[in-house]
Amino acid sequence: MGRFVRWAAVAAAGALLAAGCGGGSADGGGDEERSGGARPTTTGAKALPAALTSQRLDWDGCRATANASAPGRDWQCATLKAPLDWSKPGGETTDLALIRSRARGGDRIGSLLFNFGGPGASGVAGMPGYAATVSLLRERYDLVSWDPRGVGASEGVRCRSDKETQAAEAVDATPDTPAEERAYLRDAADFARGCEKDAGELLAHVSTTDTARDMDLMRQVLGDDELHYFGISYGTELGGVYAHLFPEHVGRLVLDAVVDPGADMVDHRKNQARGFQRALDNYLASTGQDPERGTRRIADLLDRIDTHPLETYSGRKLTQVLAFTGIVLPLYREDSWPSLTSALDTAERGDGSELLALADGYNERDSSGHYGLLPQAQRVISCLDDKQRPTLAEAKRLLPEFERISPVFGPFLGWDAAGWCHDWPVPGQYETPEVSAPGAAPVLVIGNTGDPATPYEGARRMADELGKGVGVELTWKGEGHGAYGNGSDCVDATVDAYLLKGTVPKDGKVCAR
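Letter 162 of the sequence shown, counting from 1, is numbered 153 in our numbering, and no numbers are missing.
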């Protein structure tokens, strides 16, 4: 995944725009339309020390953090100890920050874990704000989330200072000259060195596989026989990896806004260029514009800004990369499209203030100049996952294809293939994640036909790779990143019935707008 287009949760995108252990086993009841096959009895993983599996979580009131205010009395926080290196489960540990709100009803099913994507999104900060969207699920589940290793309160990695982050926004992300190419790669190498210096040994142990194993430890410590899970965006890849590693412990898993598990690092960028161009076309058509002409107008605007950055009311310059980032954010939600219209119109008149405000929201930059850590954690996790390390020459050969896919998004995502993990100090783990889960219970996989960041086609691929009788696809013909809680009563009712009653819909069910 690239630095520009994160697999972030819908709720997070909306918030940015607005800003400017109890026990309990799974309840297998309900009117299931079909069920999974026989389950294997073991994962073959090393036995964990009792000191880890029997640890008691000291749930207490949550305190304010650098990234979030205290969430109120309904929420409790605790720290879970997990192996730093899962190949040495009896060795050094790392601390994981958890948050929960107990089930309100009497017919409790168990815990429902949430991951909001990124990778690198903070569950401790994000869960309280998402609770209203899943209020019905709160009746029968403890709502639980966490900061994955390397994120937020779980020993979050900071690769750059705020000053260094702001300075990097002036680096040309679509270099036009050899000097700009050298500056681009030098900036990437500087970022990698900062991560290595800050994270140390942790840098090699923040992969998706590491976090999936953390999830199964959480399941045991929380007292659940099966893992019930809601993964959004990158959280779908994490859920698929979990299902592959622990098929016998799969309970009710929902994967919404699905990352294509069959795409490698370069293919993900191509997919996103297609997805965001599709969303841009839909946006332009909704405003009465011809999509081809509107796309060319925006591409020309970005070219002009590359040469002549725009003035803003803050005194900062709107560079090309900041303008691009400001265009990306409103496409995450259809109800944010009007803000894109206003920002583009203002930029055409020579004022970059509105696009800069959108870019700052995406980059988690507040009015004091402080940046959040999600973009940095995302890169740290992604570069440990991805084996691919395209050279500058390889990326340049791919550029014409990226530009054919999208004149607006293609150049940025094509160049990003070379810069994202350039000179990274730790090798990546896989070309594509393994998500096959034979024998697991049915997993609900939701695809949105208008999803810009995780294009719809990935949902079918995920359902197929999970395996026959496991992956169950639900399609929503909608717009925006993700489907649940995004305006479809059909989607919401289907997900609620699956999580609350165990009712599995027919594979291929479609919810129209």
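In this text, a Cβ means the ideal position worked out from N, Cα and C, and glycines have one as well.
Note that the coordinates shown come from a computational prediction; the quantities given were computed from them, not determined experimentally.
So, with DSSP's three-state summary, where would you put Ile437?
Indexing the sequence shown from 1 puts residue 437 at position 446. Ile437: strand per DSSP, three-state reduction.
Among Gln311, Glu283, Thr286, which residue has its Cα nearest to the Cα of Leu293?
Working through the sequence shown from its first residue, we reach residue 293 at position 302. Here the closest residue by C-alpha is Gln311.
Tell me which same chain residues have a C-beta within less than 6 Å of the C-beta of Pro418, skipping the five on either side of it?
To locate residue 418, count along the sequence shown from 1; it is residue 427. Taken in chain order, the list of residues that qualify is empty.
What residues are listed by DSSP as bridge partners for Cys502?
As a working note, residue 502 is residue 511 in the sequence shown. Beta-bridge analysis with DSSP links Cys502 to Trp467.
Find out if the Cβ-Cβ distance for the pair Phe403, Thr165 is shorter than 8 Å.
Working through the sequence shown from its first residue, we reach residue 403 at position 412. Working through the sequence shown from its first residue, we reach residue 165 at position 174. Their beta carbons are under 8 Å apart, which means Phe403 touches Thr165 by this criterion.
Give the secondary structure of Ser69 by DSSP, where H, G and I count as helix, E and B as strand, and everything else as coil.
Here residue 69 is taken as the residue at index 78 of the sequence shown, counted from 1. The displayed chain sequence assigns Ala, not Ser, to residue 69. Looking at Ala69 - three-state DSSP - the assignment turns out to be strand.
Under a three-way DSSP split, which group does His240 fall into?
What you label residue 240 is simply residue 249 of the sequence shown in a count that begins at 1. Three-state result, His240: helix.
Whole angstroms is fine: what's the gap from Thr56's alpha carbon to Gln280's?
Indexing the sequence shown from 1 puts residue 56 at position 65. Indexing the sequence shown from 1 puts residue 280 at position 289. When rounded, the distance between both Cα atoms is 44 Å.
For Glu83, does the count of other Cβ atoms within 10 angstroms reach 16, so buried, or fall short, so exposed?
Within the sequence shown, the letter at position 92 stands for residue 83. Its Cβ having fewer than 16 others within 10 Å, Glu83 is exposed.
What three-state label does DSSP hand Thr303 in the structure shown?
Sequence index remark: in the sequence shown, residue 303 carries index 312 (1-based). Three-state DSSP puts Thr303 in coil, outside helix and strand.
Below 6 Å CB to CB, which residues in the same chain sit around Ala484 once its five sequence neighbours on both sides are set aside?
Here residue 484 is taken as the residue at index 493 of the sequence shown, counted from 1. Contacts found: none.
Within 8 Å, do at least three Cβ pairs link the segment 100 to 110 to the segment 455 to 471?
As far as the Cβ criterion goes, the segment 455 to 471 does not touch the segment 100 to 110, which means the pair count is below three.
Mapping the DSSP letters down to three states, classify Ile372 as helix, strand or coil.
Numbered from its first residue, the sequence shown carries residue 372 at position 381. Three-state result, Ile372: helix.
Hey, how far is the Cα of Gly473 from the Cα of Lys308?
As a working note, residue 473 is residue 482 in the sequence shown. As a working note, residue 308 is residue 317 in the sequence shown. Rounded to whole angstroms, Gly473 to Lys308 spans 33 Å at the Cα level.
If His235 and Val426 are in contact, beta carbons under 8 Å, what's the gap, nearest whole angstrom?
What you label residue 235 is simply residue 244 of the sequence shown in a count that begins at 1. What you label residue 426 is simply residue 435 of the sequence shown in a count that begins at 1. Contact flag correct, Cβ pair sits at about 5 Å.
May I ask you to report which of helix, strand or coil DSSP gives Pro74?
The count along the sequence shown starts at 1 and reaches residue 74 at position 83. In the three-state DSSP reduction, Pro74 falls in the strand class (E or B).
Quick check: the Cα distance between Ser397 and His196, rounded to an integer number of angstroms?
Locating residue 397 in the sequence shown gives position 406, where the first residue counts as 1. Locating residue 196 in the sequence shown gives position 205, where the first residue counts as 1. One C-alpha to the other measures close to 35 Å.
DSSP three-state label for Leu195, please.
For the purposes of this step, residue 195 is taken as residue 204 along the sequence shown, with counting starting at 1. It should be pointed out that residue 195 corresponds to Ala in this sequence rather than to Leu. Here Ala195 sits in helix by DSSP.
Please report the distance separating the alpha-carbon of Leu75 from that of Thr85.
Your numbering for residue 75 matches position 84 in the sequence shown. Your numbering for residue 85 matches position 94 in the sequence shown. Those two C-alpha atoms are separated by around 5 Å.
By a C-beta neighbour count over all protein chains shown, 10 Å radius and 16 as the cutoff for buried, is Asp351 buried or exposed?
What you label residue 351 is simply residue 360 of the sequence shown in a count that begins at 1. It is buried - the Cβ of Asp351 has at least 16 other Cβ atoms within 10 Å.
Assuming Leu246 and Gly222 form a contact by the criterion Cβ under 8 Å, report the distance between their Cβ atoms to the nearest whole angstrom.
On the sequence shown, residue 246 is found 255 positions in, with the first residue counted as 1. On the sequence shown, residue 222 is found 231 positions in, with the first residue counted as 1. Rounded, the Cβ-Cβ distance is 5 Å, consistent with contact.
Could I get the ranges of all uninterrupted alpha helix (DSSP H) runs contained in the segment 349 to 410, with 4 residues as the minimum, in chain order?
365 to 376, 383 to 396, 401 to 410
Go through its chain and collect everything with a Cβ distance to Asp189's Cβ below 8 Å, but skip five positions before and after it.
One-based indexing of the sequence shown puts residue 189 at position 198. Cβ neighbours of Asp189 beyond the five flanking positions: Val148, Arg149, Cys150.
Can you tell me where the beta strand (DSSP E) with Leu89 in it begins and where it stops?
As a working mapping, residue 89 is identified with position 98 in the sequence shown. Element bounds for Leu89: 84 to 92.
Under a three-way DSSP split, which group does Arg284 fall into?
For the purposes of this step, residue 284 is taken as the residue at position 293 of the sequence shown. Helix at Arg284.
Going by C-alpha to C-alpha distance, which of Glu130, Gly117, Arg173, Lys72 sits closest to Arg204?
As a first step, residue 204 is located in the sequence shown; it is residue number 213 there, counting from the start. Comparing Cα-Cα distances from Arg204 to each of Glu130, Gly117, Arg173, Lys72, the minimum goes to Lys72.
Between Asp455 and Tyr421, is the Cβ-Cβ spacing less than 8 Å?
Here residue 455 refers to the residue found at position 464 when the sequence shown is read from its first residue. Here residue 421 refers to the residue found at position 430 when the sequence shown is read from its first residue. Contact: no.
Leaving out the 5 sequence neighbours to the left and right, which residues in its chain are closer than 8 Å to Asp509 when beta-carbon positions are compared?
Only positions -8 to 504 of the chain appear in this structure, which leaves residue 509 out of reach.
Take Ala264 as the anchor and find which of Cys68, Tyr489, Pro80, Pro391 has the nearest alpha-carbon.
Mapped onto the sequence shown, residue 264 falls at position 273. The residue with the shortest Cα to Cα distance from Ala264 is Pro391.
Could you check the C-alpha separation between Ala254 and Arg64 for me, to the nearest Å?
As a first step, residue 254 must be located in the sequence shown, where it is residue number 263. As a first step, residue 64 must be located in the sequence shown, where it is residue number 73. Whole-angstrom Cα-Cα distance: 43 Å.
Look at the alpha carbon of Gly471 and the alpha carbon of Pro429, and state the distance between them as a whole number of angstroms.
In the sequence shown, residue 471 corresponds to position 480, counting from 1. In the sequence shown, residue 429 corresponds to position 438, counting from 1. The straight-line gap from Cα to Cα measures roughly 31 Å.
Buried or exposed, going by whether 16 or more other CB atoms sit within 10 Å of the CB of Pro567?
Nothing in the structure corresponds to residue 567, since the chain is present only between -8 and 504.
Within 10 Å of its beta-carbon, does Val436 have 16 or more other beta-carbons around it, so buried, or fewer, so exposed?
Stepping through the sequence shown from its first residue, residue 436 is reached at position 445. When all chains shown are included, Val436 counts as buried.
Using the C-alpha atoms, what's the distance from Ser136 back to Met118?
The residue given as residue 118 occupies position 127 in the sequence shown. The residue given as residue 136 occupies position 145 in the sequence shown. In a straight line, the C-alpha of Met118 is about 6 Å away from that of Ser136.
Quick one: Cα of Arg504 to Cα of Gly441, how far?
The sequence position of residue 504 within the sequence shown is 513, counting from 1. The sequence position of residue 441 within the sequence shown is 450, counting from 1. C-alpha separation (whole angstroms): 11 Å.
In three-state terms, what does DSSP make of Gly341?
Position 350 of the sequence shown, counted from the first residue, corresponds to residue 341. Residue state, collapsed to three classes: coil.
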